[in-house]
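Read in the working numbering, the sequence shown has 2 at position 2, and its numbers run on one by one without any break.
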Amino acid sequence: MDRLLTRLDGLHARVRRIRALTYFTWCVRILLALGFLPSGYRKVVNEPFTLEESLGDVYTMFTALHQDFGALYVFVGLCQVGAALLLLVPRTAALGAAVYLPIITGIVVITVSIDFGAGTPLITSLMLLGAVYLLCWDWHRVRPVLGPPGLPDTTAVAG
1 MDRLLTRLDG LHARVRRIRA LTYFTWCVRI LLALGFLPSG YRKVVNEPFT
51 LEESLGDVYT MFTALHQDFG ALYVFVGLCQ VGAALLLLVP RTAALGAAVY
101 LPIITGIVVI TVSIDFGAGT PLITSLMLLG AVYLLCWDWH RVRPVLGPPG
151 LPDTTAVAG
């Protein structure tokens, strides 16, 4: 495992030196943030996500979510807004991507499971891919969670 992590460290260092990818990363951060800010805000202020009754099952699901989940609905909105804002600050972007990832994963599952039309599952899947990309971009911040090589195991209790 240490060898794999070391190789990923080298790859990460080379990729981070490519200036075009730095600009691309900023674009991804901004686009992902823009994807969550309006929908998260609507949830935070406890407004229904959609008012379009012609959407059928999609409308039914969003209406049920709004009416039946109460504080959870607002909490999801707070998480979305929080993740979006964290993405826009370089120092907290990795945390923002880590918060963004489970939310967008759930959204992808929902958009694939319910007939949202052809474009929505593609867009949400690209948003998921963007969140994974941002975690890879901030590998140097994510890697310590996986355990740096050479450190002793601190889970064992002496005595």
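Glycine included, each C-beta is placed from N, C-alpha and C at the ideal position.
From the DSSP output, in three-state form, read off residue 9 for me. helix
Report all residues from its chain with a CB closer than 6 Å to the CB of residue 111; omit the five preceding and five following residues, and keep chain order. 120, 121, 124
Stretch-stretch touch, CB-based, cutoff 8 Å, three pairs: the stretch 54-74 with the stretch 86-105: no
Exposure of residue 106, with buried meaning 16 or more beta-carbon neighbours within 10 Å: exposed
Buried or exposed by the 16-neighbour rule on C-beta atoms within 10 Å, applied to residue 162: The structure shown does not extend to residue 162, since the chain is modelled only from 1 through 159, so no value can be given for it.
Decide yes or no for the touch test of the stretch 96-105 against the stretch 75-86: beta carbon pairs closer than 8 Å, at least 3 of them. yes
When the Cα of residue 138 is compared with those of 128, 9, 3, which residue comes out closest? 9
When burial is assigned at 16 or more other CB atoms within 10 Å of the CB, is residue 6 buried or exposed? exposed
Taking the straight line between their C-alpha atoms, what separation do you get for residue 113 and residue 62? 14 Å
Note down the Cα distance separating residue 64 from residue 41, rounded to an integer number of angstroms. 18 Å
Go to residue 89, then tell me how far its alpha helix (DSSP H) extends in each direction, as first and last residue. It is not in any alpha helix (DSSP H) - residue 89 carries neither H nor E in the DSSP assignment.
Beta-carbon proximity check, residue 38 vs residue 66, cutoff 9 Å: no
Could you check what DSSP says for residue 103 in three-state terms: helix, strand or coil? helix
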